[in-house]
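Per the working numbering: the sequence shown = residues 1046 to 1147. Every residue, glycine too, gets a C-beta built ideally from N, C-alpha and C.
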Amino acid sequence: MVYAVVRTSGRQEKVEVGSIITVNRVAGDSKGKLQLPAVLLVDGDKVTTDAAALAKVKVTAEVLEDLRGPKIVIQRYKNKTGYKSRQGHRQDLTRLKVTGIK
């Protein structure tokens, strides 16, 4: 079993070939492909954490779709002052499919 832990959008995700992950919005090349930097690689019983060895590892992914996350409502209220504010937010997301770990 081969899997890798990759760094993307300030987070780390465990991925295998064929897995689909949702990350903050990233842009691929013109064909919708991109490479993710590996932090850890597990190949059967062999675990690779050395930075020099991981620089040679290529985790490739393709962009499936760009989407938006769920609506988050932000409310602030201060007692006895009449202050209240309300704000909404939807995060821009990208769904990726991992195509190869080499």
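Residue i (DSSP reduced to helix, strand or coil)
i       : result
Ala1100 : coil
Thr1093 : strand
Ser1130 : strand
Lys1078 : strand
Contact under 8 Å by Cβ, residue i with residue j
i       : j       : result
Gly1145 : Val1062 : yes
Arg1131 : Leu1112 : no
Lys1123 : Ile1065 : no
Val1060 : Leu1138 : no
Buried/exposed call for residue i, threshold 16 Cβ in 10 Å
i       : result
Ala1098 : exposed
Ala1106 : buried
Limits of the unbroken beta strand (DSSP E) element including residue i
i       : result
Val1050 : Val1047 to Thr1053
Asn1069 : Ile1065 to Asn1069
Residues bridged to residue i [DSSP beta-bridge criterion]
i       : result
Glu1107 : Lys1078 and Lys1142
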